[in-house]
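Residue numbers (the UniProt record's numbering): 1 to 262.
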């Protein structure tokens, strides 16, 4: 969730704002419809407001929650989180598509999006490793299975055995409800498994496979197959990402509730 927040307007918790009337916010945009965890963030905020009202921003809660969720299995924080962010008061669904990478993006598009945010190719590869957990709707990759070039064919860069497995799980690509694991070997564990399946041509999205089409990113993929290397680089990249466009000083506010501005 923090990635989706920081890449639009910076790390200002704008992803958490609910719509007012008919004005759609970031959480209503299609790339964000599968996000979860809003209730947990709201619960944390409620408890913090009871203990120390007006001190901890929703943007800081997102940053800390992202770190702690990944670090929980090892019981050791994988990176330090700087605090002091303030919350924004604008959230527009219309700003999401041009800032959040698409599962259909090629390498050039991915690189440009990351460079615009002050991140590099190593960050792109490391942060893509987050795809080791979670699920994806069939529609985000079904073209690779059924109609890659518009001729009813499959993506030749995708592992043939994996294609058949995905077709069995997504026999009807129009079904918007069906989901599959993004990392079938390790979807419940935050580890380097994503990079191991990627080099087997089992990256689920076109944007995953795109990491193998560039010499520098492909080299980084190989390096991050080592568990410790991945966790170290992921932590470094998360720290950089968490500093994108932060509001400090008198900018923004400290929301009393994460879903609404004060």
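Cβ atoms here follow ideal geometry from the backbone N, Cα and C, with glycine treated the same way.
Asked: Collapsed DSSP secondary structure at residue 86 in the structure displayed; Found: strand
Asked: Residue 10 versus residue 61 - alpha carbon distance; Found: 15 Å
Asked: Other residues of its chain near residue 144: CB distance less than 7 Å, five sequence neighbours each side excluded; Found: 154, 155, 158 and 206
Asked: Every unbroken alpha helix (DSSP H) within the stretch 110 to 142, with a cutoff of 4 residues, ordered by chain; Found: 121 to 128
Asked: Counterpart residues of residue 257 in DSSP-defined beta bridges; Found: 260
Asked: Coil, strand or helix - residue 220 by DSSP; Found: helix
Asked: Distance, residue 195 Cα to residue 115 Cα; Found: 22 Å
Asked: Sequence-distant residues of the same chain with beta carbon closer than 8 Å to residue 185, five excluded per side; Found: 193, 196 and 197
Asked: At least three beta-carbon pairs within less than 8 Å, the stretch 87 to 96 to the stretch 122 to 134; Found: no
Asked: Local Cβ density within 10 Å of residue 72, reported as buried at 16 or more and exposed below that; Found: exposed
Asked: Continuous beta strand (DSSP E) stretch holding residue 181: start and end; Found: 179 to 181
Asked: Cβ-based neighbour list, residue 37, same chain, cut-off 6 Å, excluding 5 preceding and 5 following; Found: 1
Asked: Per DSSP, the bridge partner or partners of residue 23; Found: 20
Asked: Simplified DSSP assignment, three categories, for residue 247; Found: strand
Asked: Any 3 or more C-beta pairs closer than 8 Å across the stretch 73 to 92 and the stretch 226 to 242; Found: yes
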